[in-house]
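Below: the structure, in structure tokens.
Numbering (the UniProt record's numbering), first residue to last: 1 to 503.
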């Protein structure tokens, strides 16, 4: 007797049943959610710990006895973010698609080489940044900032110079581990560093009476502790064995792929970071600059806290998308993107609720100044509305990183933040009489246009083509096992971005 080729329980029969299909899709989505959560949740804890470090520093600044120290420290942090930290963070992002896709493609040695190249790139970049920081006061005065605030800011940033070295190691190490779905050790190391941060601050600020200089030194000290603990973990755990073949002259070759990803990644990150920090500079031109600059510093800390959730989700989605594309699994990569973006909308509404609930008490944790508290309470609901767009936009950037398309993110951020948001902010603040609120309403316009544009282009992604690009990027295809130049040329010939993106 012949056995029928298609039985009642065969896959083809199951596929005709919509209910079974729905359950299968739901099961796959839940499985993907768990994978993303395993990466993102430890990143949330790590983010909260690192945020507490910034919070502690701001609290010590606020308790120094006058709003001048808080304003000067806030301005210095803003300047450091604009001219230093955003650049290092953005350049480091260039290694994320390479490492994520290489790990999925089982090309482990490429991770180690990319780590070395990125660290070297950041260290070289830190040299001109240091020169800029040394001349910070002159630049601030040229921009019309208050002399007393600029003096305090200069003191803070001079003692933050060694932090450039720490950041040049910290960013690549975190990405190196995260793209391998290793995130919990980051949490442990951050816990160790933060536990020491409070006594370090107390010792430098309260015991040695170093004031704003002590707050800056404590931040550098804490980051050095974090970097050291991460290196110790990597060595002791042996996680480096598959990916590390020792310091090699190979890291001095084939930089084109990394640079092609690092530069637009840097532009994308900087354009967004710079918006927030430029607002601090604009605050110095408003009525009552000391109160507005100090309030902006508090609000930047608030947005940093809220940002932890979507950024952690973004990191998880980027890793999952990159790993699956590297493994030549475009359908799974698409599912990871859909699950991540769906979750981001839930986070957006949660952030709005949080901002509204804490609006009347949040600023009192930083200062007792009535003007600062009033300004902060007035703007917090607007920040909550901004997060409705920021959460899916941030997650969308994670999808772009996972697919190695940073140029798209740079173009979107440029258009939405600087061609839409900035003109709206300047007009509302300086011409329409909205003053401090106008800056944040401009951000709301930027975030709204950004998320709409981002989702539009992501919906046009050809995932099969992105999987092919991943094979070329990681050198998985036989004809791409050669030089970095050959890989780049192959990517250029494919012209895949032209079919589904504006770049």
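Where is the CB? At the ideal position from N, CA and C, for every residue including glycine. Only a predicted model underlies this, so the values are computations on that prediction, with no experimental measurement involved.
Can you find the residues in the same chain that come closer than 7 Å, C-beta to C-beta, to residue 85, ignoring five residues on each side of it along the sequence? Position 85 of the chain shown, counted from the first residue, corresponds to residue 85. Cβ within range, chain order: 167.
Measure how close the beta-carbons of residue 80 and residue 27 come, nearest whole angstrom, since I'm counting them as under 8 Å. Within the chain shown, the letter at position 80 stands for residue 80. Within the chain shown, the letter at position 27 stands for residue 27. Not quite, the Cβ-Cβ distance comes to about 47 Å (not below 8 Å), so this is no contact.
On the DSSP letters alone, give me the boundaries of the alpha helix (DSSP H) that residue 213 sits inside. The count along the chain shown starts at 1 and reaches residue 213 at position 213. Its alpha helix (DSSP H) spans residues 212-237.
Mapping the DSSP letters down to three states, classify residue 147 as helix, strand or coil. Here residue 147 refers to the residue found at position 147 of the chain shown. Residue 147: helix per DSSP, three-state reduction.
Give a yes or no on whether the C-beta atoms belonging to residue 355 and residue 377 are separated by under 8 Å. The residue you call residue 355 lines up with position 355 of the chain shown. The residue you call residue 377 lines up with position 377 of the chain shown. Their beta carbons are not under 8 Å apart, which means residue 355 does not touch residue 377 by this criterion.
Take residue 268 as the anchor and find which of 217, 111 and 411 has the nearest alpha-carbon. Taking the chain shown and counting its residues from 1, the one referred to as residue 268 is at position 268. If we check each option's Cα against that of residue 268, 411 comes out closest.
Among residues of its own chain, excluding the 5 on either side of residue 316, which ones have a beta-carbon nearer than 6 Å to its beta-carbon? Position 316 of the chain shown, counted from the first residue, corresponds to residue 316. Contacts found: 36, 39 and 40.
Would you identify the three-state DSSP class for residue 279, choosing helix, strand or coil? Along the chain shown, one-based indexing puts residue 279 at 279. Three-state result, residue 279: helix.
Since residue 230 and residue 189 should fall inside the 8 Å C-beta cutoff, what is the C-beta to C-beta distance between them, to a whole number of angstroms? On the chain shown, position 230 is the one that residue 230 refers to. On the chain shown, position 189 is the one that residue 189 refers to. Indeed they touch by this definition, with Cβ atoms about 5 Å apart.
Let me confirm a value: residue 152 is counted as buried when at least 16 other C-beta atoms fall within 10 Å, else exposed. Which label applies? Here residue 152 refers to the residue found at position 152 of the chain shown. With 16 or more other Cβ atoms within 10 Å, it is buried.
Considering only the beta carbon of each residue, do residue 215 and residue 61 sit closer than 8 Å? Mapped onto the chain shown, residue 215 falls at position 215. Mapped onto the chain shown, residue 61 falls at position 61. For residue 215 and residue 61, yes; Cβs fall inside 8 Å.
Can you list, in chain order, the stretches of the alpha helix (DSSP H) that have 4 or more residues and sit fully within the segment 360-433? 370-402, 406-413 and 422-430
How far does the alpha helix (DSSP H) with residue 182 in it extend, from its first residue to its last? Here the question's residue 182 lines up with position 182 in the chain shown. Where residue 182 is concerned, there is no enclosing alpha helix (DSSP H), given that its DSSP letter is neither H nor E.
Exposed unless 16 or more other CB atoms sit within 10 angstroms - verdict on residue 143: Here residue 143 refers to the residue found at position 143 of the chain shown. When all chains shown are included, residue 143 counts as exposed.
For a test of the three-state rule: what should DSSP assign to residue 154, helix, strand or coil? One-based indexing of the chain shown puts residue 154 at position 154. Looking at residue 154 - three-state DSSP - the assignment turns out to be helix.
Taking the C-alpha atoms as reference points, what is the distance between residue 458 and residue 403? Your numbering for residue 458 matches position 458 in the chain shown. Your numbering for residue 403 matches position 403 in the chain shown. Each residue's alpha carbon lies about 11 Å from the other.
How many Å lie between residue 34 and residue 314 at the Cα? On the chain shown, position 34 is the one that residue 34 refers to. On the chain shown, position 314 is the one that residue 314 refers to. Approximately 14 Å between the Cα atoms of the pair.
Terminal residues of the continuous alpha helix (DSSP H) containing residue 97? Taking the first residue of the chain shown as position 1, residue 97 is located at position 97. 95-104 is the span of the alpha helix (DSSP H), which, as asked, contains residue 97.
Taking the alpha carbon of residue 443 as the reference point, which residue from 76, 277 and 158 has its own alpha carbon closest? For the purposes of this step, residue 443 is taken as residue 443 along the chain shown, with counting starting at 1. Checking every option, the nearest Cα to that of residue 443 belongs to 277.
Taking only runs of the alpha helix (DSSP H) that begin and end inside the segment 56-90, which ones reach a length of at least 4 residues, in chain order? 67-80
What span of residues does the alpha helix (DSSP H) with residue 332 cover, start to end? For this step, residue 332 is matched to residue 332 along the chain shown. Its alpha helix (DSSP H) spans residues 330-357.
To which residues of the same chain is residue 45 closer than 7 Å at the C-beta, ignoring the five residues directly before and after it? Numbered from 1 along the chain shown, position 45 holds the residue referred to as residue 45. For residue 45, where only same-chain residues beyond five positions count, the Cβ hits under 7 Å are 187.
Backbone CA spacing between residue 243 and residue 174 [nearest angstrom]: Within the chain shown, residue 243 is the residue found at index 243, counting from 1. Within the chain shown, residue 174 is the residue found at index 174, counting from 1. Rounded to whole angstroms, residue 243 to residue 174 spans 15 Å at the Cα level.
With 16 other CB atoms within 10 Å as the buried threshold, where does residue 365 fall? Taking the chain shown and counting its residues from 1, one reaches residue 365 at position 365. That one is exposed.
Let me know the secondary structure DSSP gives residue 163 once reduced to three states. On the chain shown, residue 163 is found 163 positions in, with the first residue counted as 1. Note: residue 163 maps to helix in three-state DSSP.
With a CB to CB cut of under 6 Å and the five nearest residues on each side skipped, what residues in its chain are close to residue 454? One-based indexing of the chain shown puts residue 454 at position 454. Excluding residues within five positions, the ones whose Cβ falls inside 6 Å are 393, 396 and 412.
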